[in-house]
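*Asks:* Residues in the sequence shown are numbered from 1134 upward in steps of one, following our numbering.
We put the beta carbon where it would ideally sit given N, CA and C, even for glycine.
Being a predicted model, the structure only gives us computed values, none of them experimental.
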Amino acid sequence: MNSQLLNLLFEDFDYFVTDPLWGDIPFNKALYSLIKTKAYQKLNRIKQNGPTYHVYPGAVHTRYNHSLGVYNLSREILITLLKHSAPPFSKKGIFSFLSACLLHDLGHFPYAHSLKELSIAEHEYLATIIIKSDEDILKALASIGAETEMVCAIIDTDIITKDEETLIYRKLLSGSLDPDKLDYLSRDAFFAGVPYGTQETDKVLHSLLYKKDNIIIRHNALSCVEHILFSKYLMYKNVYWHQETRSATAMVKKALLEALTNSVIKESDLYFIDDEEFAQLPKLYPDFSPFELISDEINGALFKCRFEKDYEDKGKLETLSKEIYSRHKTEHKIYEKLKLEYSWLKPYQVIIDIPEPIKFESDINVLTQENEIIQFDQIDPIFNKEFKNLFSKSLRKVRIFTPERVSHTAMEKVIADEY
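1) Using the DSSP secondary-structure output, state which residues sit across from residue 1350 in a beta bridge.
2) So the candidates are 1445, 1405 and 1427; which of them puts its Cα closest to the Cα of residue 1412?
3) Taking only three categories from DSSP, how would you classify residue 1196?
4) Helix, strand or coil for residue 1303? Go by DSSP, reduced to three states.
5) Quick check on this structure: which residue in 1208, 1359 and 1153 has the alpha carbon closest to the alpha carbon of residue 1140?
6) Could you please give me the residues that DSSP links to residue 1253 through a beta bridge?
7) Between the Cα of residue 1382 and the Cα atoms of 1159, 1199, 1350 and 1247, which residue gives the shortest distance?
8) Under a Cβ-count criterion, where at least 16 other Cβ atoms within 10 Å of its own Cβ denotes burial, should residue 1434 be classed as buried or exposed?
9) Measuring CA to CA, which of 1505, 1220, 1517 and 1184 is closest to residue 1136?
10) Using CA atoms only, rank isn't needed, just tell me which of 1432, 1512, 1486 and 1422 is closest to residue 1453.
11) Roughly how many angstroms separate the alpha carbons of residue 1440 and residue 1393, rounded to a whole number?
12) When burial is assigned at 16 or more other CB atoms within 10 Å of the CB, is residue 1266 buried or exposed?
13) Report the three-state DSSP secondary structure of residue 1535 (helix, strand or coil).
14) Per DSSP, what kind of secondary structure is residue 1153 in: helix, strand or coil?
15) Cα separation between residue 1519 and residue 1349?
16) Is the stretch 1334–1346 touching the stretch 1300–1316, taking contact as three or more C-beta pairs under 8 Å?
17) Which residues in the same chain as residue 1471 place their Cβ atom closer than 8 Å to its Cβ, once the five residues preceding and following it in sequence are excluded?
18) Counting only runs that start and end within the stretch 1437–1517, where is the alpha helix (DSSP H) found for 4 or more residues in a row?
19) What are the partner residues of residue 1159, as DSSP defines its beta bridges?
20) Taking the alpha helix (DSSP H) that residue 1226 falls in, what are its first and last residues?
21) Determine which residues share a DSSP beta bridge with residue 1180 and list them.
22) Can you tell me which of 1324, 1533, 1328 and 1310 puts its alpha carbon nearest to the alpha carbon of residue 1088?
23) Suppose contacts are defined by Cβ-Cβ distances below 8 Å. Is residue 1345 in contact with residue 1506 by that definition?
24) Tell me which residues share the same chain as residue 1410 and place their Cβ nearer than 6 Å to its Cβ, disregarding the 5 neighbours each side in the sequence.
25) Taking the alpha helix (DSSP H) that residue 1379 belongs to, which residues open and close that run?
26) How big is the Cα-Cα spacing for residue 1459 and residue 1491?
27) In the DSSP assignment, the alpha helix (DSSP H) including residue 1272 goes from what residue to what residue?
28) Return helix, strand or coil for residue 1526, following the three-state DSSP convention.
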């Protein structure tokens, strides 16, 4: 049975897309037709790392690139599992999983990950909306031999399912050693031109097994798991949460919050658009001045950090700014103080930025030399819960961004007096 399923992953895979990370990525004709649909091609117009290119000019790769990479690694994982284990896979399941890997980011829109504090629909849910309604995608899925409902259930974990095979594919796509993370860490590092995210991907892929209803990794690849966790930390510290990237993200988030609060736009106006369409918002609403923040961000006129501190759970500024709407009140109080010295300053030009906590997932089952299955946390002497919490806490900085003409001294005086 395994040999028959293995053949499915090689038979008629005569179409190739050349990728700078993984080389020639193989497709059969039906899978290739999926990436040629109009909805899928839109991913070519959404940058993977949003405004990171302001700091790392090479980081202009797209969701399209990344999705191809996830598909490629997922196919390699299936090959490894079928060669060395006996997972309860089926032809329908395999092609549904590969389709889900290609389509998992289909619901992404610009800055989606940065807008989690707003009342925004999850991109996984939006992906299922597109999949179920797009005739070209439905036609491609039918020719692939994938089941639409299964594809959606693999992508969107809020969909209730008891199907064992679907749940396994979910773990593969969204687990601690998922192909999504393996691709984005390596890809983002490659295009940013930094060494931090590069993984021993082949070793990870070839160390996976299916055993006792779980995806497990052999003990000889433990260092690879450590490497992934360290890489994630370093990529957040140096790339994703670089001070200038945080400034750009904060400016966009502030503009959108102002627009949503004032009913200039609705949340749904942000769905299903690409970077080019997002950039048109200031032109579509020329009388709404906070949208100048979006124009400034696009043009690289980023606000400067005028205050920074380590995040403290019980800090006064953090407590008053914990929720995004209470943060708005705190920003306005700071603005009222600053405008006594800077009469030109506008209320939306004072922005408090507080990053969300980052999880360093390590709920990974390890096959020991004694053939026992033990959680990674119980084996690894470094990555215990306390250490992972320290990682997350050390990344979080509270910052206040303003136009460059506002001085550090003026801001520090306001903070010292009030907070």
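*Replies:* Let me lay it out:
1) Partner(s): 1341 and 1499.
2) Residue 1412 has its Cα closest to that of 1427, out of 1445, 1405 and 1427.
3) Helix, per DSSP.
4) Helix.
5) Among 1208, 1359 and 1153, the Cα nearest to that of residue 1140 belongs to 1208.
6) In the DSSP output, where bridge partners are listed per residue, residue 1253 has none listed.
7) Comparing Cα positions, the closest option is 1247.
8) Result: exposed.
9) Distance check between residue 1136 and each of 1505, 1220, 1517 and 1184 places 1220 closest, using alpha-carbon atoms only.
10) Distance check between residue 1453 and each of 1432, 1512, 1486 and 1422 places 1486 closest, using alpha-carbon atoms only.
11) Their backbone Cα atoms lie some 27 Å apart in a straight line.
12) In the assembly as shown, residue 1266 is an exposed residue. Its beta-carbon has fewer than 16 other beta-carbons within 10 Å.
13) For residue 1535, the secondary structure class from DSSP, reduced to helix, strand or coil, is strand.
14) Three-state result, residue 1153: coil.
15) Between residue 1519 and residue 1349, the C-alpha separation is close to 24 Å.
16) With a cut-off of 8 Å, the stretch 1300–1316 and the stretch 1334–1346 count as touching, because enough Cβ pairs lie within range.
17) Only 1478, 1483, 1535, 1539, 1543, 1544 and 1547 meet the Cβ criterion.
18) You should have 1449–1453, 1457–1471 and 1509–1512.
19) Paired residues: 1149.
20) 1224–1236 is the span of the alpha helix (DSSP H), which, as asked, contains residue 1226.
21) Paired residue(s): 1195.
22) Because the chain spans 1134 through 1552 in this model, residue 1088 falls outside it and cannot be assessed.
23) Yes.
24) Take residue 1410, set aside five residues on each side of it, and no residue of its chain has a beta-carbon closer than 6 Å to its own.
25) For residue 1379, the enclosing alpha helix (DSSP H) stretches over residues 1376–1394.
26) One Cα belongs to residue 1459, the other to residue 1491, and the distance between them is close to 22 Å.
27) 1268–1277 is the span of the alpha helix (DSSP H), which, as asked, contains residue 1272.
28) Three-state DSSP puts residue 1526 in a helix.
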